[in-house]
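In our numbering, the protein residues as written are 1152 to 1409.
Even for Gly, the Cβ is constructed at its ideal location relative to N, Cα and C.
Below is one structure, written out as structure tokens, with a few remarks after it.
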Amino acid sequence: MNTTHFDQAWFNLPNLPTPVKALFVGYLLAIGLGLCMAGLQIMQTHGKADGKAGLSLNDIIYSYYGNRSGSKLESKLNGSMKTMSTPESRMQIIQWVRNGSSRTEWDQQLNKIFQQECTHCHGPESAMGDFSRFDNVKRLAETNEGASIQALIRSSHIHLFGISFIFFFLGFIFSFAVGVPGWLKISAILTPFCFLIADILSWWLTKWSPGFAWLTLIGGIGYSIVAGIMWIICMYQMLILSRNKKLYGNAWQADLEP
Ligand code: HEC
């Protein structure tokens, strides 16, 4: 008599024991919320990089390749820092940047403008640099080369480690799904990792040439969609499909069969 087959008939998303379901559902809720927050964060930072709301190819180019005909100071003053100063001061700063950001003018006028409008956020305690000091402002007044190599290395490894963790557990939970053909299950589990690697690679490629910015969009949208679909299927099978009390059998065993 084959008892193993019967014993593991609960080994699938709809029939999992409730404590395991509680663990999986709690995890999925938290990463679902995390994904939404990540989307908002991208809109907040990169979305405004080119000064217009909403994420576009230009934002990605600004963030990674930079605007090699202008400075970071100027692009911020046209972007997320636009509302931080009066239009007159803003024009004065931009003029100063375009005229080569000289020390003399800084001492005469600009220092005062920065003290009035910027240093309460960009002061001595700010991690972004103290804007009451000429050197710090001068650095940002130079041509914008986009993300630095250090910044790219830092965010690349954080994203690769962090997001892989999310996809690992999501894929693991999804491997218990029932009624999904084996080849489709394997593709769904693998593709987010491929899109993730393409996404990270695209940052470096875009830093090198702005023509690769579309790859960043495809990577990000790609893994969001695939992860979203897996998320919905997992939740549906654990919370709704389970209600018919049917035994679905061992999900991994089913995937062994061709
Ligand atoms: C209310 C607080 C606040 C004020 C006032 C403010 N900033 Fe900022 N600034 C920020 C924050 C927060 C960031 C980081 C987020 C971002 O880049 O949008 C930032 C980032 C920047 C950056 C990018 C720095 C970097 O190294 O990436 C520049 C340049 C900048 N601000 C310029 C200015 C200038 C010029 C003024 C004055 C006209 C100003 N800011 C006033 C809060 C402020």
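So the beta strand (DSSP E) residue i belongs to, where does it begin and stop?
i            : result
residue 1290 : Element bounds for residue 1290: not the beta strand (DSSP E) but the alpha helix (DSSP H), 1285-1292.
residue 1219 : 1218-1222
Measuring alpha carbon to alpha carbon, tell me which residue in the options is nearest residue i.
i            : options                   : result
residue 1241 : 1354, 1265 and 1389       : 1265
residue 1197 : 1270, 1211, 1352 and 1398 : 1211
residue 1339 : 1376, 1185 and 1361       : 1376
residue 1345 : 1371, 1363 and 1159       : 1371
residue 1254 : 1206, 1234, 1180 and 1287 : 1287
residue 1417 : 1276, 1183 and 1227       : The structure shown does not extend to residue 1417, since the chain is modelled only from 1152 to 1409, so the question has no answer here.
residue 1195 : 1181, 1183, 1169 and 1230 : 1230
residue 1358 : 1369, 1159 and 1301       : 1301
residue 1171 : 1343, 1323 and 1395       : 1323
residue 1307 : 1336, 1275, 1356 and 1352 : 1352
So residue i is in the alpha helix (DSSP H); what residue range does that whole segment cover?
i            : result
residue 1343 : 1333-1359
residue 1385 : 1364-1390
residue 1213 : 1208-1215
residue 1399 : Note, residue 1399: premise wrong, no alpha helix (DSSP H); not H, not E.
residue 1170 : 1169-1196
residue 1247 : 1238-1249
residue 1319 : 1300-1325
residue 1263 : 1262-1268
Does the separation of the CB atoms of residue i and residue j fall below 9 Å?
i            : j            : result
residue 1295 : residue 1218 : yes
residue 1392 : residue 1165 : yes
residue 1404 : residue 1328 : no
residue 1406 : residue 1374 : no
residue 1291 : residue 1378 : no
residue 1341 : residue 1215 : no
residue 1225 : residue 1193 : no
residue 1354 : residue 1402 : no
residue 1318 : residue 1347 : yes
residue 1268 : residue 1222 : no
residue 1279 : residue 1273 : yes
residue 1390 : residue 1161 : no
residue 1260 : residue 1243 : yes
residue 1368 : residue 1186 : no
Report back the beta-carbon spacing between residue i and residue j to the nearest angstrom; my notes put them in contact at under 8 Å.
i            : j            : result
residue 1213 : residue 1200 : 4 Å
residue 1289 : residue 1236 : That belief does not hold up - the Cβ atoms of residue 1289 and residue 1236 are roughly 18 Å apart, past 8 Å.
residue 1257 : residue 1285 : 5 Å
residue 1400 : residue 1163 : 7 Å
Hey, would you say the C-beta of residue i is under 8 Å away from at least one heavy atom of the ligand ATP?
i            : result
residue 1280 : Annotation note on the ligand ATP: not contained in the displayed structure, which lists the ligand HEC as its ligands.
Report yes or no: do three or more beta-carbon pairs, one from the region 1307-1320 and one from the region 1382-1395, lie closer than 8 Å? no
Can you confirm whether the region 1328-1337 touches the region 1169-1178 when touching is taken to mean that 3 or more C-beta pairs between the two stretches lie within less than 8 Å?
Touching, no.
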